[in-house]
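In this note's numbering, the protein residues as written are 10 to 224.
We treat Cβ as the ideally placed atom computed from N, Cα and C, and that holds for glycine.
Since the structure is predicted, the reported quantities are computational estimates derived from the model, not experimental observations.
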Ligand code: URA
């Protein structure tokens, strides 16, 4: 699976504020939106381009390009923490169609590997998904990978052009787990942390993204 670390100075600056426990709810939520936008632009840069000519107001032709995939995007919002991230992704893909998944991890302590968590999918609804679509699954925290793998399973029968994951912060374990089960997926994340604690939280991490964004 192609792994893209969007670790530009601006993305790292925003992530550092997210990690800071003194960052308040409003700034936290706004920063998820900002990273959604940056991740979206990074994803757009990997889509196929075609060359074309346009006529300018000076009645001359200029060579340019078109990213046709921009018009064929379906964003899957893994609620609730992904909601601000999706708001940012929509800045990069304004015509995206959207699906939602309401998933909740059962926060039970695990003692040993494999670090797998039970995930309850309470509800999901997807728009019509077509072969020319690029699916972007938005989940800000890729920790054990259990939620994402459950969401990917819901989408496995869909024939699409490409599958993307947009995550703000991932664990090394989660990246490896998702990579081994979905070798064709394009994974975008700002940073990768080394550990997960026994409750399934990324360490050093940024805490519970949903609680911090929604208060
Ligand atoms: N979900 C979160 O919100 N934080 C983590 O660290 C892991 C999963």
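Please report the residue range of the beta strand (DSSP E) in which residue i lies.
i, result
"residue 146", "143 to 147"
"residue 74", "70 to 75"
"residue 114", "106 to 114"
"residue 56", "No beta strand (DSSP E) contains residue 56, which DSSP labels as neither H nor E."
Taking Cβ positions, are residue i and residue j nearer each other than 7 Å?
i, j, result
"residue 28", "residue 215", "yes"
"residue 154", "residue 187", "yes"
"residue 199", "residue 15", "yes"
"residue 111", "residue 81", "no"
"residue 159", "residue 128", "yes"
"residue 182", "residue 163", "no"
"residue 124", "residue 205", "yes"
"residue 91", "residue 142", "no"
"residue 42", "residue 96", "yes"
"residue 100", "residue 46", "yes"
Can you say whether residue i is buried or exposed, counting buried as having 16 or more other CB atoms within 10 angstroms of its CB?
i, result
"residue 179", "buried"
"residue 21", "exposed"
"residue 161", "buried"
"residue 221", "buried"
"residue 17", "exposed"
"residue 40", "buried"
"residue 67", "exposed"
Reducing DSSP to helix, strand and coil, say where residue i ends up.
i, result
"residue 156", "helix"
"residue 42", "helix"
"residue 208", "coil"
"residue 168", "coil"
"residue 202", "strand"
"residue 129", "strand"
"residue 134", "strand"
"residue 67", "coil"
"residue 178", "strand"
"residue 87", "strand"
Please check the pair residue i and residue j, which I expect to be a contact at CB under 8 Å, by giving their CB distance rounded to whole angstroms.
i, j, result
"residue 171", "residue 210", "Not quite, the Cβ-Cβ distance comes to about 30 Å (not below 8 Å), so this is no contact."
"residue 53", "residue 76", "6 Å"
"residue 8", "residue 173", "As displayed, the chain neither begins before 10 nor continues past 224, which places residue 8 out of reach and without an answer."
"residue 88", "residue 72", "Residue 88 to residue 72, Cβ: 43 Å. No contact."
"residue 83", "residue 136", "6 Å"
Where do the N-terminal and C-terminal ends of the alpha helix (DSSP H) with residue i fall, by residue?
i, result
"residue 14", "That residue, residue 14, is in no alpha helix (DSSP H); its beta strand (DSSP E) goes 12 to 14."
"residue 188", "181 to 190"
"residue 2", "Examination of residue 2 is not possible in this model, given that the chain is present from 10 through 224 alone."
"residue 26", "18 to 28"
"residue 80", "Neither: residue 80 is in no alpha helix (DSSP H) and is coded neither H nor E."
"residue 223", "218 to 223"
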